[in-house]
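Have a look at the structure below, then the notes.
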Amino acid sequence: MATSPNDAGDDVFDEFLSDRGHTVERVGWEQEYNKKQCPDCGGLHEQSASTCTVCGWTPTP
């Protein structure tokens, strides 16, 4: 099942899952020393990065 491109309705899915005992959390950058680390591919980026230049991952708002 896919969601819409603009994330419309994702909160409904999150609520549905959390009501049934699933953990729902937004995924963001990990920290590695003074760099941001992509949680998908592990690529390291400057603190100002908003998109992973290795795999194209972007954090969920």
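Residue numbers (the numbering used here): 13 to 73.
Don't be surprised by glycine CBs; every beta carbon is placed ideally from N, CA and C.
DSSP state of Glu27 mapped onto helix, strand, coil: In the three-state reduction of the DSSP assignment, Glu27 falls in the helix class, which pools H, G and I.
Is there at least one non-hydrogen atom of the ligand FAD closer than 7 angstroms to the beta-carbon of Trp41? Looking for the ligand FAD in the displayed structure turns up nothing, as the structure carries no ligands at all.
From this set, Tyr45, Cys67, Gly33, Gln59, which residue's C-alpha is nearest Pro51's C-alpha? Minimum Cα distance to Pro51 is reached at Cys67.
From Glu37 to Trp69, what distance separates their C-alpha atoms? Pairing Glu37 with Trp69, the inter-Cα distance amounts to about 16 angstroms.
Looking at Val24 and Met71, is the spacing between their C-beta atoms short of 8 angstroms? In the sequence as presented, Met is not what sits at residue 71; that position holds Pro. No; because the gap between Cβ atoms is not below 8 angstroms, this pair is not in contact.
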